[in-house]
Amino acid sequence: MRRSTGWLRHHRLLAFFVLTYAISWASWPAYASGLIPRMEFLPIGPLAAAIIVIALAEGRPGFLAWGRRLIRWRVGWVWYAVALLLPAVLVLVTGLITMALGASAPGLAQLTWSGLLTVFAVRLVNPMDGPLGEEPGFRGYALPLLQASRPPLLSAAILGVLVAMWHLPLVLFGGLSLIGLPTTFAITFLYVWLFNRTGGSVLLTLLFHNSQGTFTTGSFGFAGAGAGRAELIYFVVVVLAVLATVALDRRAWRKAPRPATAVGRFSFRRRPR
Numbered sequence: 003m004r005r006s007t008g009w010l011r012h013h014r015l016l017a018f019f020v021l022t023y024a025i026s027w028a029s030w031p032a033y034a035s036g037l038i039p040r041m042e043f044l045p046i047g048p049l050a051a052a053i054i055v056i057a058l059a060e061g062r063p064g065f066l067a068w069g070r071r072l073i074r075w076r077v078g079w080v081w082y083a084v085a086l087l088l089p090a091v092l093v094l095v096t097g098l099i100t101m102a103l104g105a106s107a108p109g110l111a112q113l114t115w116s117g118l119l120t121v122f123a124v125r126l127v128n129p130m131d132g133p134l135g136e137e138p139g140f141r142g143y144a145l146p147l148l149q150a151s152r153p154p155l156l157s158a159a160i161l162g163v164l165v166a167m168w169h170l171p172l173v174l175f176g177g178l179s180l181i182g183l184p185t186t187f188a189i190t191f192l193y194v195w196l197f198n199r200t201g202g203s204v205l206l207t208l209l210f211h212n213s214q215g216t217f218t219t220g221s222f223g224f225a226g227a228g229a230g231r232a233e234l235i236y237f238v239v240v241v242l243a244v245l246a247t248v249a250l251d252r253r254a255w256r257k258a259p260r261p262a263t264a265v266g267r268f269s270f271r272r273r274p275r
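Residue numbering for the sequence shown is 3 to 275, as defined by my numbering.
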């Protein structure tokens, strides 16, 4: 038992991602064979994996450090505005460009503030949805481990690949278009940038994720070629936003702040010989 616990402590990142994929993809075979309806993917995987690994490898100190990142709310009001409004701006720019190219947007007439706020509130507390299922694990646990020994840019690239591939069942069963994978990879850089700029606040990335899923390109109601064009334009818009952060905020990409890294008692860095 001690030997296995020791191995887990030194391979927490690997254990986290193995568990994340295993839990989230567990329903894949049953859904593919028609045994269960619309359950090709379990978004709660990252949250569950983080809890399991922390419980087995770190215990109470690990939960305290993780918990502090989850509820870190003392950040400037500007970052709350960024978390809530930047995703909507990216979608709005995408929609306007798509409409300028000739696509109609019948969905806009059906949007209401009360409807958007209801969706936002429900997604915020639902662990079976993306924000609460993903952020405590991907940004709250995996990212600090990655950044303990890697610069933010490399950490974002690694996390982006792993998070994008994690969504693969959605692509295979039609829940996500193929362009969604590179878009997921690209937008991960914005999550990392926001996480580091707020001193490792999962709360802010949770708000960002929730805003991203509340008002989407699908809200415009584009159909046919217009819908496909909108997804491609959205990918380009996200990439441009990422490049803007890299070009205009280079300092944020050089080194992650200490609160956004897993350092201290459970860093388990190898000592130089």
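Virtual Cβ for every residue (Gly too), placed ideally from N, Cα, C.
These numbers come from a predicted model, not from an experiment.
{"Query": "Quick check on this structure: which residue in 131, 86, 171 and 196 has the alpha carbon closest to the alpha carbon of residue 158?", "Result": "196"}
{"Query": "Using only CA atoms, which one of 252, 204 and 231 lies nearest to residue 142?", "Result": "204"}
{"Query": "Quick check on this structure: which residue in 220, 243 and 241 has the alpha carbon closest to the alpha carbon of residue 232?", "Result": "220"}
{"Query": "Which same chain residues end up closer than 8 angstroms to residue 282 when comparing Cβ atoms and leaving out the 5 residues on each side of it in sequence?", "Result": "There is no way to answer for residue 282, as the model of the chain reaches only from 3 to 275."}
{"Query": "Check whether the segment 73–81 touches the segment 43–62, counting contact only when three or more Cβ pairs, one atom from each stretch, lie closer than 8 angstroms.", "Result": "no"}
{"Query": "Counting C-beta neighbours from all protein chains within 10 Å, is the total for residue 226 16 or more, i.e. buried, or is it exposed?", "Result": "exposed"}
{"Query": "Could you give the uninterrupted runs of the alpha helix (DSSP H) lying entirely in the segment 123–177, keeping only those of 4 residues or more?", "Result": "132–139, 145–149, 154–168 and 170–174"}
{"Query": "Check each candidate in 28, 112, 17 and 93 and name the one with the smallest Cα separation from residue 60.", "Result": "17"}
{"Query": "Can you tell me whether DSSP reads residue 41 as helix, strand or coil?", "Result": "coil"}
{"Query": "Closest by CA to residue 125, which one among 151, 104 and 211?", "Result": "211"}
{"Query": "What are the complete alpha helix (DSSP H) segments, minimum 4 residues, inside the segment 38–81?", "Result": "47–59 and 62–72"}
{"Query": "Would you say residue 27 and residue 133 are within 8 angstroms of each other, going by their C-beta atoms?", "Result": "no"}
{"Query": "What would DSSP say about residue 119, mapped onto helix, strand or coil?", "Result": "helix"}
{"Query": "By a C-beta neighbour count over all protein chains shown, 10 Å radius and 16 as the cutoff for buried, is residue 185 buried or exposed?", "Result": "buried"}
{"Query": "Label residue 31 either buried or exposed according to how many other C-beta atoms from any shown protein chain fall within 10 Å of its C-beta, with 16 as the threshold for buried.", "Result": "exposed"}
{"Query": "Can you tell me whether residue 109 is helix, strand or coil according to DSSP?", "Result": "helix"}
{"Query": "Given this structure, state the Cα-to-Cα distance separating residue 116 from residue 218, to the nearest angstrom.", "Result": "16 angstroms"}
{"Query": "Expressed to the nearest angstrom, what Euclidean distance is found between the alpha-carbon atoms of residue 244 and residue 257?", "Result": "17 angstroms"}
{"Query": "If I'm right that residue 138 touches residue 46 with Cβ under 8 angstroms, what's the distance once you round it to whole angstroms?", "Result": "With 8 angstroms as the limit, residue 138 and residue 46 do not qualify as a contact, their Cβ atoms being about 10 angstroms apart."}
{"Query": "Which whole-angstrom value describes the C-beta separation of residue 188 and residue 121, a residue pair presumed to lie in contact below a C-beta threshold of 8 angstroms?", "Result": "Not a contact, Cβ separation roughly 24 angstroms."}
{"Query": "Look at residue 146 and residue 202 and say whether their C-beta atoms are less than 8 angstroms apart.", "Result": "yes"}
{"Query": "Measuring only the C-alpha atoms, how far is residue 252 from residue 96?", "Result": "26 angstroms"}
{"Query": "Apart from the five residues just before and just after residue 65, which ones in its own chain have a Cβ nearer than 6 angstroms to its Cβ?", "Result": "56"}
{"Query": "Can you give the Cα-Cα distance for residue 361 and residue 152, rounded to whole angstroms?", "Result": "Outside the displayed span of the chain (3 to 275) sits residue 361, for which this structure offers no information."}
{"Query": "Just to confirm the assignment, what range does the alpha helix (DSSP H) spanning residue 262 have?", "Result": "Run containing residue 262: none; DSSP gives neither H nor E here."}
{"Query": "Between residue 1 and residue 43, what straight-line distance do the alpha-carbon atoms span, to the nearest angstrom?", "Result": "Look at the range of the chain in this structure, 3 to 275, and you will see that residue 1 is not part of it."}
{"Query": "Have a look at residue 181 and residue 136 and give me their C-alpha separation to the nearest angstrom.", "Result": "20 angstroms"}
{"Query": "Quick one: what does DSSP say residue 235 is sitting in, helix, strand or coil?", "Result": "helix"}
{"Query": "Excluding the 5 residues flanking residue 19 on each side, which residues of the same chain have their C-beta closer than 8 angstroms to its C-beta?", "Result": "51, 144 and 164"}
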